[in-house]
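Worksheet: the structure to be examined is printed underneath.
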Amino acid sequence: QSALTQPPSASGSPGQSVTISCTGTSSDVGGYNYVSWYQQYPGKAPKLMIYEVSKRPSGVPDRFSGSKSGNTASLTVSGLQAEDEADYYCSSYAGSSVIFGGGTKLTVL
Amino acid sequence: QVHLVESGGGVVQPGRSLRLSCAASGFTFSTYGMHWVRQAPGKGLEWVAVISYEGSSKYYANSVKGRFTISRDNFKNMVYLQMNSLRAEDTAVYHCAKDGVPGYGMDVWGQGTTVTVSS
Chain A
250 QSALTQPPSA
260 SGSPGQSVTI
270 SCTGTSSDVG
280 GYNYVSWYQQ
290 YPGKAPKLMI
300 YEVSKRPSGV
310 PDRFSGSKSG
320 NTASLTVSGL
330 QAEDEADYYC
340 SSYAGSSVIF
350 GGGTKLTVL
Chain B
131 QVHLVESGGG
141 VVQPGRSLRL
151 SCAASGFTFS
161 TYGMHWVRQA
171 PGKGLEWVAV
181 ISYEGSSKYY
191 ANSVKGRFTI
201 SRDNFKNMVY
211 LQMNSLRAED
221 TAVYHCAKDG
231 VPGYGMDVWG
241 QGTTVTVSS
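As you go down the protein sequences, you meet chains A and B in turn. Using the numbering used here, the first residue of the first sequence is number 250, and each one after it goes up by one. Using the numbering used here, the first residue of the second sequence is number 131, and each one after it goes up by one.
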């Protein structure tokens, strides 16, 4: 149950696009189309942004999109806004368990 | 409105026990699995355990297996985490979360309750 690999940080200017990667193995990310992404502000509970690799819950802006290729999933935030500055975590189903990534701090410059 | 509220956290000595509770409201609790997820100070999210909607299936992270037990009461809309043999590395904010989307995706989270293991 090793954590999925995410870059510790990412950044972009308002209006730009940023992509955050999430790398696992064939036992988790690569084995199932069950990758989720969560946004977390400091001191707050995480919020589901993407599930099943690319689906958005109602209320999540379409600026957020997800994809997957092999053992790596990605979250893209388009048209960056100041309120997008937060920590982002990926997770994957891993057969009766869940593995999270280490998290990526997104900074809007 | 869907709501999860955790309670039961506190300061406890190593080796002792603690029971966390999570009260659910605003949805048909008995039809959803439930998770516990923790976050150590300054660290990332770590999945702890999951229980199926009717309570018959339970799975745990290796780091807590044999020490923690997840349970639920569908009459009271409650999920619990019994934590035994606590260690310093169990210090974290513990969140309960609703297993609301396929593949163990968590669509509703509580604010969390803080557990500190220290002598």
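All C-beta atoms in this analysis are idealised placements derived from N, C-alpha and C, irrespective of residue type, glycine included. What you are looking at is a predicted structure, and each value in this text was computed from that prediction instead of being measured.
Over what stretch of residues does the beta strand (DSSP E) that includes residue i continue unbroken?
i: Gly319/A; result: From DSSP, Gly319/A is part of no beta strand (DSSP E); its letter is neither H nor E.
i: Asp311/A; result: It is not in any beta strand (DSSP E) - Asp311/A carries neither H nor E in the DSSP assignment.
i: Gly235/B; result: 235 to 239
i: Arg168/B; result: 163 to 169
i: Phe349/A; result: 347 to 349
i: Leu175/B; result: 175 to 181
i: Ser258/A; result: 258 to 261
Provide the residue(s) that pair with residue i in DSSP beta bridges, ordered along the chain.
i: Tyr210/B; result: Ser151/B, Ser201/B
i: Val223/B; result: Gln169/B, Thr244/B
i: Tyr337/A; result: Gln288/A, Thr353/A
i: Val231/B; result: Gly235/B
i: Val142/B; result: Val247/B
i: Val326/A; result: Val267/A, Phe313/A
Note down the Cα distance separating residue i from residue j, rounded to an integer number of angstroms.
i: Thr321/A; j: Gly172/B; result: 25 Å
i: Thr356/A; j: Glu334/A; result: 5 Å
i: Ala252/A; j: Ala191/B; result: 12 Å
i: Tyr342/A; j: Asn282/A; result: 8 Å
i: Met213/B; j: Ser266/A; result: 43 Å
i: Ala179/B; j: Lys228/B; result: 12 Å
i: Ile348/A; j: Gly264/A; result: 31 Å
i: Ser318/A; j: Gly279/A; result: 8 Å
i: Ser187/B; j: Gln255/A; result: 30 Å
i: Gly240/B; j: Arg202/B; result: 16 Å
i: Val245/B; j: Gly145/B; result: 13 Å
i: Pro291/A; j: Gly174/B; result: 12 Å
i: Ile299/A; j: Gly163/B; result: 19 Å
i: Pro232/B; j: Glu301/A; result: 7 Å
i: Gly308/A; j: Ala170/B; result: 29 Å
i: Phe313/A; j: Ser249/B; result: 44 Å
i: Ile181/B; j: Val223/B; result: 19 Å
i: Cys339/A; j: Thr325/A; result: 12 Å
Helix, strand or coil for residue i per DSSP?
i: Ala191/B; result: coil
i: Ala294/A; result: coil
i: Ser270/A; result: strand
i: Ala252/A; result: coil
i: Ser137/B; result: strand
i: Val132/B; result: coil
i: Gly279/A; result: helix
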